[in-house]
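Protein sequences appear in the order of chains Z and C. The numbering of the first sequence is my numbering, which starts it at 1 and goes up by one. The numbering of the second sequence is my numbering, which starts it at 358 and goes up by one. Heads up, the beta-carbon is just placed ideally off N, CA and C, and yes, glycines get one too. Below is one structure; the comments refer to it alone.
There are 2 protein chains.
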Amino acid sequence: MNESIDGKALVYCVGAFNTPNGKTAHGLVRFTERYEVVGVLDPAYAGQDAGMVLDGRPNGIPVFAGMEAAVSALRDAGKLPKSLVIGLAPDGGRLPPEAKASIKKALQMGWNVDSGLHDFLTNDSELTQLAQKHQCRIRDIRKTPDRDKLHFFTGDIEKVDCLKLAVLGTDSALGKRTTAWILVHAFRKAGISAEMVGTGQTAWMQGARYSMVMDSCINDFVSGEIEHAVVSAWKNEAPKVIVIEGQGSLMNPAYPGGFEILAAGRPDYVILQHAPKRLEYDGFPGYKLHPLPEQIRAIEVISGKKVLAVTLNHEQMTREEILPACEAITKETGLPAFDVLEYGADDLIALIKQHIR
Amino acid sequence: MNESIDGKALVYCVGAFNTPNGKTAHGLVRFTERYEVVGVLDPAYAGQDAGMVLDGRPNGIPVFAGMEAAVSALRDAGKLPKSLVIGLAPDGGRLPPEAKASIKKALQMGWNVDSGLHDFLTNDSELTQLAQKHQCRIRDIRKTPDRDKLHFFTGDIEKVDCLKLAVLGTDSALGKRTTAWILVHAFRKAGISAEMVGTGQTAWMQGARYSMVMDSCINDFVSGEIEHAVVSAWKNEAPKVIVIEGQGSLMNPAYPGGFEILAAGRPDYVILQHAPKRLEYDGFPGYKLHPLPEQIRAIEVISGKKVLAVTLNHEQMTREEILPACEAITKETGLPAFDVLEYGADDLIALIKQHIR
């Protein structure tokens, strides 16, 4: 188990834990290499174990009613955090007023604050002045980087000679990122060095050392930033495999995504995440999801890349339905299908292994 | 002939006129509804007619050696400009030091300054202070708008009930914008109200009233900004036809483009610009251009939209080669093909007319 990148962190999720608006907190409570999560703030579940609340399995992360309770308990446990991480993902991405008080308390204690909200903390002079005074750092993960920090596409991607996989999906909010992490960890468990290349803020918060936030990037630099992340992972880590997190879906009715990943990331193969029970595009009621074979064809026509396997999202399925659904996908597409979340990734890894140089 | 949007303008192109680095100036000298171009600055062609220099046809736009000469001549002619427009498009988009002196002179006279360089004039406090002092305006066309000025996709595009065309291309730098303007003007000449929706800085500089600059936009807002431009054009102008300028090409090896235009602009049909003599992607030597039929298939697979016709870019062709090339395209793709730059758009308009509601 490596050291976390940014050390101990308390996750702010007041009024939102175990609700859709708390999904950033949930991701951090379930898995992150960036932080050592030592607690969650939400009075609704004060005193309970965050893992029990979320997944029915204790994970030793306590939920606290508020800052005071958290600080005293964590101080006694010798686990005072270095950072407060905003675990809220409210619609619209605005910062609730009551959250600001906790952020100020954190800064006054010299803690760093990380936020993925659209409402940038660094635009609030009161907060930035507090951070300066107490010599700590506020990071707005969603903030668009300045042009002078961004990269144009160079073609260096051609030099990357390890196996490159892209985990794309037939829709958004489908588990592409989760599947990508499962693959990376399964490769490592199998003794095959693997790196994750993140393309969203949550992957960054979970510790993807090589990543960019596609939706906040200036359009002209998206390709270059993807290439730069992949090339950096390859140069610095020399892994056998690089797994690139996909974004959106190629045929989304309004937000088509993944094209720059195929073009600038130059994956050798695509792993395609799919939820058989999902009939309409996420957030677009009335827009029928394109059938799986059409989406596979679109990927292959556009990029000339081959889809190697389908990974199943078993939402709205019973455990009994999973394996028959995988068989049905194979029958329909001629591709092997796996539920790596339910059954692990060993079989998929065994399949991919043959393609490692 | 309508009034121009921003009035009389002098175009700065010192050392670059009639060279690739002067292409913004060339576009403005050939056609713009935003400015009334009254002169060009470049000592290399001082005293000559800009149209003669560029296209061998006089257009009454004089080239001047420098600011002093321009100002005195234009004052005598009663044509003093309101704006200085930077007509340079140097690689890297940096501002040459000698240009800054002319910009300062312009601001000191109270002229507005418009620039499409990557090097933002509004980041230069000396220039912004001068503009404030003399109550004039500096606009950096390429500057990424703040999030609070940007639009997310809403679905309002579904209400737009006029004919929507997208002019896409099989490569970048191929004449998509020029073809889009030719179509808009041909529709208007035929008494059919038409609006251009621009997606690049040059279209904006040429006076596309409804436009966004895709390459400078935050990725998350590209779809919403395209939708907003199309919906605004429809609401405010109630045209019979909207022509959307394409960007890049779907199968570009590094910078795939046009997907958001298909998804968020919801064109009824695509007009596809193609240069038969172009064998490799612009800027990507060694990357063979995908054959025309493959690119048409990609558009139709991804978007379900039909390509209605191919428009020819006759680069590196003799006049004698043009019509046979159009016939060859029709033979290869089953689609009608037109060189609207050489022969005008009447035949293409006649074809499209049948689809106007």
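- The C-beta separation of S440 of chain C from D363 of chain C comes to about 6 Å, placing the pair in contact by the 8 Å criterion.
- Under DSSP, R391 of chain C forms no beta bridge with any residue.
- Between I656 of chain C and the set C:A702, C:G603, C:S459, the nearest pair of CA atoms involves C:G603.
- Using a CB distance below 7 Å, the part of the segment 648-680 of chain C facing chain Z consists of R654, A655, V658, I659, ordered along the chain.
- Taken in chain order, the members of the segment 133-149 of chain Z whose beta-carbon sits within less than 8 Å of a beta-carbon on chain C are T144, R147.
- Among the CB atoms of chain Z, none fall inside 8 Å of the CB of I599 of chain C.
- In this structure, the CA atom of L150 of chain Z is about 7 Å from the CA atom of F221 of chain Z.
- Chain-ordered, the chain C residues with CB closer than 7 Å to the CB of E260 of chain Z read P613.
- In this structure, DSSP gives P256 of chain Z an extended state, which the three-state scheme calls strand.
- Of all C-beta pairs linking the segment 542-554 of chain C to the segment 470-484 of chain C, fewer than three are shorter than 8 Å, placing the two stretches out of contact.
- Residues of the same chain with a CB within less than 8 Å of the CB of R147 of chain Z, apart from the 5 flanking positions on each side, are I218, F221 in chain order.
- Look at the segment 286-330 of chain Z and you find these whole runs of alpha helix (DSSP H), each 4 residues long or longer: 292-303.
- If you check the CB distance, G467 of chain C and C493 of chain C come in under 8 Å.
- Assignment of R534 of chain C by DSSP, reduced to helix, strand and coil, places it in the helix class.
- For P624 of chain C, no chain Z residue has a C-beta closer than 8 Å to its own C-beta; the minimum C-beta separation is roughly 13 Å.
- Along the segment 570-593 of chain C, the positions whose C-beta sits under 7 Å from a C-beta of chain Z are M571, D572, S573, C574, I575, N576, D577, V579, S580, read in chain order.
- DSSP, read as helix, strand or coil, puts E637 of chain C in strand.
- One thing to note: T376 of chain C has its Cβ no nearer than 8 Å to the Cβ of T536 of chain C.
- Boundaries for H631 of chain C: no alpha helix (DSSP H) harbours it, while the beta strand (DSSP E) harbouring it runs 626-631, taken from the DSSP string.
- Burial check for Q201 of chain Z: the Cβ neighbour count within 10 Å reaches 16 or more, so the residue is buried.
- Taking C-beta atoms as the reference points, D528 of chain C and Y402 of chain C fail to come closer than 8 Å.
- Contact annotation: F544 of chain C and I706 of chain C have beta-carbon atoms nearer than 8 Å.
- Neighbours of P610 of chain C in chain Z, taken as residues at a C-beta separation under 7 Å, are given in chain order as A263.
- Against H475 of chain C, the close residues of chain Z are R147, in the order they occur along the chain (beta-carbon pairs closer than 8 Å).
- The shortest C-alpha to C-alpha distance from P693 of chain C to any of C:E455, C:G643, C:I628 is the one to C:I628.
- Three or more Cβ pairs drawn from the segment 31-39 of chain Z and the segment 68-82 of chain Z lie within less than 8 Å of each other, which places the two stretches in contact.
- Contact note: L607 of chain C reaches chain Z through F259, I302, using a C-beta cutoff of 9 Å and chain order.
- With respect to chain Z, the C-beta atom of F510 of chain C has a partner C-beta closer than 8 Å.
- Nearest to T24 of chain Z by C-alpha distance, out of Z:Q48, Z:D91, Z:F64, Z:M52, is Z:D91.
- Within its own chain, the residues whose Cβ lies closer than 8 Å to the Cβ of A263 of chain Z, once the five positions on either side in sequence are excluded, are S223, S303, listed in chain order.
- For F578 of chain C, the three-state secondary structure derived from DSSP is helix.
- The way I'd put it, the segment 323-334 of chain Z doesn't touch the segment 681-689 of chain C; fewer than three beta-carbon pairs between them come closer than 8 Å.
- The three-state secondary structure of P43 of chain Z, taken from DSSP, is helix.
- For V160 of chain Z, there is no enclosing beta strand (DSSP E), since its DSSP letter is neither H nor E.
- Within its own chain, the residues whose Cβ lies closer than 6 Å to the Cβ of A547 of chain C, once the five positions on either side in sequence are excluded, are I706, listed in chain order.
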